[in-house]
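What follows is a short report on a single structure.
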Amino acid sequence: MTERPILPLPIRERPAQRIQGSPPKMPRPRRAAGGHTVQAERFEREFSRLDQAFQGEDASVSLRADPAGIAPERAMVFVSAVPIANLIRVARDAGIEVLAEVDLEDDYALPDGMPIDGIEFANPTLYATMPTEGSLQTLRRLWRTYRRGEDLPDGQTPWRNLFDLLAELRPWGPQDRLTREAREIIRDRLPFDDEVAVSLELEIWPTRSDERRNQWRREAQARVEAFGGNIIARSVISEIDFVYDALLVSMPAGAVREMLDNPAAPEGLATLDGLQFILPQTIAQSIPVEDEAGDAGPGHESRDRHDAQFDPELPARALLLDGTPIAAHPDLNDGVYIEDVHDLVRLSQVRQRRHATSMSSLILRGDLDADGVPVSDSRLLSVPVLVDNDNAAVSPESRLFVDVIHTALVAALEGQNPIAPDAFVVNLSIGVMNGHFTGRLSALARLLDWWAYRAGVLFVVSAGNVGDALTVSGINATAFEDAAIETRQALADEARRAQRHRRTLLSPAEAMNVLTVGAASTSSAAKGVGTLPAGVLSVHDAASVVPAVSSAAGPGAYRAIKPDVLAVGGRHDVRISSSGGNLNLRVANALPASGLLVAAPPQSSAVSGHRAWACGTSCAAALTTRSILQAAAALTGPDGAYEGQELPRRDMALLTRTLTVHGARWPESAADLRSSQMASGQHHEHAGAEVLSGYGYGLVNEDLMSEGPPKGATLVGLGTVRKDGARVFEMPLPQSLSNDRVHRSLLVTLAWFSPIDIARARYRLARLEAVAADEGDEPDKEWRLKMKGDVPTSNAITKGTVWSRRLSHARVLTPTFGADAIIPIRVQCSDSSGGGLSPDEDIRFAIAVTLQLAIDTRYDIQTEIENRLRIRQTQ
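Residue 571 in full-length UniProt numbering sits at position 571 of the sequence shown, with consecutive numbering throughout.
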């Protein structure tokens, strides 16, 4: 029970309509005068070839004879200078399936000679399509009409717009299937011996046609076998709203080397029409070796062991996808149980089961050096998806990891007898080796986004630990050691920013519907720096909270704020070494003075309750999962907003995701960084983005997830909305605040799971926002309380599936309102994809609102709001 419980936010029964407003007018490129003539000349060869083919007896055979030409059942690429509204719809009407829409951003230069005015406003977009013979006939007819300068038939305007701004028309080729990033990783993994087998993943085009995919799969198998390879595993997930079809293959290193050297070879793997991508095998791992738990030393096996035990009758509200934990460890006994869905437990020796044991420990008991109390009202179900070894825990080498995760989730959450029917949160403190986010969503991230919406489950994903050293230029080891702590921190921060393109999120942390957690270099227990081993240094003051040196940085997909939050990850001290005139910083093993104390495998048969020190983003994610479970218990516990209720999985997932972000706050170091960036001449939007890429919305605050702030009140609510619809909540205003000049702040946070369309560049279909507006009103930008927007900016918060607006007093102005005054908070939904969101799609969401005062006052706004709510219930 808490003194300041989170309160229910009243919602009006009748749905409302979205206030549409006027979208900002953005300059766009346009076809120059006479442009259709120039375009006709530029693409004469491609369409003449179609004309000639269709004048023959068998156009399909004729077209497919040229491997570099457009043909039926071969992916066809349109590149436009800008996204074309409704192109996906008219293409599908014409029988052309659009399989991918990709925003090319800065990676693409428009060809010279395009007849375009305003080319500086271009936003090149690639459309990968799958035509049939009939749809190519339709395309040919439309092009001939356009070439003559005539109007296209009614409803075909998107085709005219595409033809006006068409930069490329070509088949999907080897350079698309085998990206630069994939080539680099595959080449790095190649053994010297050409006969040694190498594993690759082949992603089949995600068409909804099972027949096509079966044919492409057979062709891929035949080509692999022709090179002396074989199929190790396959995975097919074929749903109405999600398709994944892939092969895990083994090929001789020599054949792979030839493919990398000459990807366009006519009979090579990279020229297969049915393949979308050729990728290195997805190897998921626990965490890089420098973050592995360090031995706690003698005396910690029984030190401060908490007497409270776990109730074996409690439901498992959390699911751990990791290696195998030691379920019988004294710190974990009855708290965690294992379901061996993939038959992996037998492959992990007990002494190797470090990572899942430490994650279970942090979820169930927190940092044993600071907490140790069993998590409230929950146990933990572990489904092993990694195999533990001496160095780490890694995914099984004979399986596609997407399939491993999907199978685990099906077993846990679906069917007549799911093994985790009560679970609403899934902890994924693992990442893909070399899987740094470069702009393309990984298949694993897409899978998690789809599952989050499908099942209403919250994935807590670690941002990832960057194993590469952080290189500091212009200083030697002696000078760095002798420098003041502030200088070391400034040098490390500058190095992180300069190398951020190589220190991006590790897959699947870029996913849109998940909660991505970075590590703050701080401990949960009160510790000084202590004596560090020789060669180990601190790079920030013990009192400051900063992103850990190895914590991967954002943004996420579509420039969404990622990581969403930071959480305690243990203080990250570094080892230094010189290299070529530069200084390399690597995170040292966790130490008593800095790490988090966790349960660990026994080092001998005589010791069963061993403990160790750990740090990293894995730890931060696990502690966040613990905070989420604590917040859930508070919501449904005594005096909670949903006291005594058994909320559906989706509602609990959304409420706790909302509260995690809502309760997070930027530490002082984040505000200092933003100020320094602006002082150096950065635009406020860019300065804010710099901070967001490391800090997200701020440091998780478990207290603010479970109760209102000392000088304020927090309210939460749930609702369902459809495209262009809205729901209105009523936030009671405390009467005593009227005519009072006290400093105040208002936080409003929304979270939802958006449906996705993997074929669209704007992959997130549903966008939500909140405005202060009653029926017939224009939105009140001051939110009835003389407020102004704070950081993050209103633009930065619109990119993901969390929307958190932070407002503060505009000046010390005095709001005036009556005794029954409310803030009408209108949560409204729009289609953010350009036509992909169905008007019949229900989007469930959660909202949290906090009104807080800066100083003590003679009145308590929590009490006044509670009284207003009590009166409302009796009316």
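All C-beta atoms, glycine included, are put in the ideal place defined by N, C-alpha and C.
Next item on the list: Along the beta strand (DSSP E) that carries F845, what are the first and last residues, could you check?
Entry: For the purposes of this step, residue 845 is taken as the residue at position 845 of the sequence shown. For F845, the uninterrupted beta strand (DSSP E) run begins and ends at I843 to L853, by DSSP.
Notebook entry, point to check: Does the Cβ-Cβ distance between H355 and S286 come in under 9 Å?
Noted result: Mapped onto the sequence shown, residue 355 falls at position 355. Mapped onto the sequence shown, residue 286 falls at position 286. Contact flag set, yes.
Item checked: Bounding residues of the beta strand (DSSP E) (the contiguous stretch that carries E168) -> Within the sequence shown, residue 168 is the residue found at index 168, counting from 1. First-last of the beta strand (DSSP E) with E168: L166 to P171.
Note to self: By the three-class DSSP mapping on this structure, what secondary structure does D388 have?
What the structure shows: Counting from 1 along the sequence shown, the entry for residue 388 is found at position 388. In the structure shown, D388 sits in a strand (DSSP, three-state: E or B).
Note to self: Please identify the residue among Q682, S521, L269 and L178 whose C-alpha is closest to the C-alpha of E225.
What the structure shows: For the purposes of this step, residue 225 is taken as residue 225 along the sequence shown, with counting starting at 1. The residue with the shortest Cα to Cα distance from E225 is L269.
Notebook entry, point to check: In terms of DSSP beta bridges, what is I338 paired with?
Noted result: Taking the sequence shown and counting its residues from 1, the one referred to as residue 338 is at position 338. The partner list for I338 (beta bridge, DSSP) reads S382.
Notebook entry, point to check: In three-state DSSP terms, what is T801?
Noted result: What you label residue 801 is simply residue 801 of the sequence shown in a count that begins at 1. Of the three classes helix, strand and coil, the one that applies to T801 here is coil, per DSSP.
Check: Assuming N230 contacts V249 under a Cβ cut-off of 8 Å, what Cβ separation, rounded to an integer in Å, is found between them?
Finding: Counted from its first residue, the sequence shown places residue 230 at position 230. Counted from its first residue, the sequence shown places residue 249 at position 249. Confirmed, about 7 Å.
Notebook entry, point to check: If you follow the beta strand (DSSP E) that F857 is part of, which residue opens it and which one closes it?
Noted result: Taking the sequence shown and counting its residues from 1, the one referred to as residue 857 is at position 857. In the sequence on display, residue 857 carries Thr and not Phe. Careful: T857 lies outside any beta strand (DSSP E) and carries neither H nor E.
Check: How would you write the range of the alpha helix (DSSP H) that L200 sits in, first residue to last?
Finding: As a working note, residue 200 is residue 200 in the sequence shown. Per DSSP, L200 lies in no alpha helix (DSSP H) segment; the continuous beta strand (DSSP E) that holds it begins and ends at A197 to I204.
Notebook entry, point to check: Since G616 contacts G554 with CB under 8 Å, what's their CB separation in whole angstroms?
Noted result: Locating residue 616 in the sequence shown gives position 616, where the first residue counts as 1. Locating residue 554 in the sequence shown gives position 554, where the first residue counts as 1. Between the beta-carbon of G616 and that of G554 there is about 17 Å, and that puts the pair past the 8 Å contact cut.
Checklist line | Run of the beta strand (DSSP E) containing R744, from where it starts to where it stops | finding: Locating residue 744 in the sequence shown gives position 744, counting from the first residue. First-last of the beta strand (DSSP E) with R744: R744 to W752.
Notebook entry, point to check: Which value, in whole angstroms, describes the spacing of the CA atoms of L190 and L200?
Noted result: The sequence position of residue 190 within the sequence shown is 190, counting from 1. The sequence position of residue 200 within the sequence shown is 200, counting from 1. Each residue's Cα considered, the two are about 11 Å apart.
Next item on the list: Counting only the same chain and skipping the five closest in sequence on each side, list residues whose C-beta sits under 7 Å from that of D210.
Entry: For the purposes of this step, residue 210 is taken as residue 210 along the sequence shown, with counting starting at 1. Closer than 7 Å at the Cβ level, and outside the excluded window around D210, lie S238.
Item checked: For residue 958, the nearest candidate out of G254, A455, S398 and L362 (CA to CA) -> As shown, the chain starts at 1 and ends at 875. That puts residue 958 outside it, with no answer to give.
Notebook entry, point to check: Going by alpha carbons, who is nearest to T132 out of D103, A59, V102 and V574?
Noted result: By one-based count along the sequence shown, residue 132 stands at place 132. Of the candidates D103, A59, V102 and V574, the one whose C-alpha sits nearest the C-alpha of T132 is A59.
Item checked: 3-residue-minimum beta strand (DSSP E) runs that sit fully inside the stretch 609–681, ordered along the chain -> Segments of the beta strand (DSSP E) lying fully in the stretch 609–681: 611–614.
Margin query: For a test of the three-state rule: what should DSSP assign to Q276, helix, strand or coil?
Written below: The residue you call residue 276 lines up with position 276 of the sequence shown. Q276: strand per DSSP, three-state reduction.
Next item on the list: Assign M130 to one of three DSSP states: helix, strand, or coil.
Entry: Against the sequence shown, residue 130 aligns to sequence position 130. Residue state, collapsed to three classes: strand.
Notebook entry, point to check: From G228 to P374, what distance separates their C-alpha atoms?
Noted result: Residue 228 sits at position 228 when you count from the first residue of the sequence shown. Residue 374 sits at position 374 when you count from the first residue of the sequence shown. In a straight line, the C-alpha of G228 is about 54 Å away from that of P374.
Notebook entry, point to check: Using the beta-carbon count (16 or more within 10 Å), is I855 buried or exposed?
Noted result: Here residue 855 refers to the residue found at position 855 of the sequence shown. By the neighbour-count rule (16 or more Cβ atoms within 10 Å), I855 is not buried but exposed.
Margin query: By DSSP's criteria, M76 is part of a beta bridge. Which residues make up the other side?
Written below: As a first step, residue 76 must be located in the sequence shown, where it is residue number 76. According to DSSP, M76 bridges with T129 and P171.
Notebook entry, point to check: Per DSSP, what kind of secondary structure is L458 in: helix, strand or coil?
Noted result: Reading the sequence shown from its first residue, position 458 is the one you call residue 458. Looking at L458 - three-state DSSP - the assignment turns out to be strand.
Check: Ends of the beta strand (DSSP E) at L596?
Finding: Reading the sequence shown from its first residue, position 596 is the one you call residue 596. Element bounds for L596: L596 to A599.
Item checked: DSSP-derived helix/strand/coil call for R303 -> Looking up residue 303 in the sequence shown gives position 303. Because the pLDDT at R303 is just 49, under 50, the model does not fix this residue reliably, and the value given afterwards should be weighed accordingly. Coil.
Checklist line | Spatially closest choice to R858 from D740, L275 and V536, by CA coordinates | finding: To locate residue 858, count along the sequence shown from 1; it is residue 858. Per the Cα distances, D740.
Note to self: Tell me which residue opens and which closes the alpha helix (DSSP H) that L260 is part of.
What the structure shows: Numbered from 1 along the sequence shown, position 260 holds the residue referred to as residue 260. Per DSSP, the continuous alpha helix (DSSP H) segment holding L260 begins and ends at A253 to D261.
Margin query: What residue range does the beta strand (DSSP E) around L428 cover?
Written below: Within the sequence shown, numbered from 1, the residue matching residue 428 stands at position 428. L428 -> beta strand (DSSP E) spans V425 to L428.
Next item on the list: Given a cut-off of 9 Å, decide if A641 and S578 are closer than it, judged by their beta-carbon atoms.
Entry: In the sequence shown, residue 578 corresponds to position 578, counting from 1. In the sequence shown, residue 641 corresponds to position 641, counting from 1. No, these two residues do not count as a Cβ contact at 9 Å.
Check: Under the three-state reduction of DSSP, which class applies to A293: helix, strand or coil?
Finding: Position 293 of the sequence shown, counted from the first residue, corresponds to residue 293. Confidence in A293 is poor, its pLDDT being 46 and thus under 50, which makes the residue's placement too unreliable to answer from.
Check: If you count every other CB in all the chains shown that lies within 10 Å of the CB of G694, and 16 or more means buried, which is it?
Finding: Position 694 of the sequence shown, counted from the start, is the residue given in the question as residue 694. Looking at its Cβ environment, which holds 16 or more other Cβ atoms inside 10 Å, G694 is buried.
Next item on the list: Can you check the stretch 700–739 for any beta strand (DSSP E) of at least 3 residues that lies completely inside it and give the ranges in chain order?
Entry: If one requires a minimum length of 3 residues, the beta strand (DSSP E) runs lying completely within the stretch 700–739 are 712–721 and 725–732, in chain order.
Notebook entry, point to check: Whose C-beta lies closer than 7 Å to the C-beta of N86 among residues of the same chain, with five residues either side of it excluded?
Noted result: Residue mapping note: residue 86 aligns to position 86 of the sequence shown, counting from 1. Correct list, in chain order: P158 and G835.
Notebook entry, point to check: Does DSSP put L436 in a helix, a strand or coil?
Noted result: Against the sequence shown, residue 436 aligns to sequence position 436. Per the sequence shown, the amino acid found at residue 436 is His instead of Leu. Three-state result, H436: strand.
Notebook entry, point to check: How do the stretch 418–433 and the stretch 164–183 stand: do at least 3 beta-carbon pairs fall below 8 Å, yes or no?
Noted result: no
Item checked: Spatial distance of R141 from L715 (CA atoms) -> Locating residue 141 in the sequence shown gives position 141, where the first residue counts as 1. Locating residue 715 in the sequence shown gives position 715, where the first residue counts as 1. Going from the Cα of R141 to the Cα of L715 covers about 59 Å.
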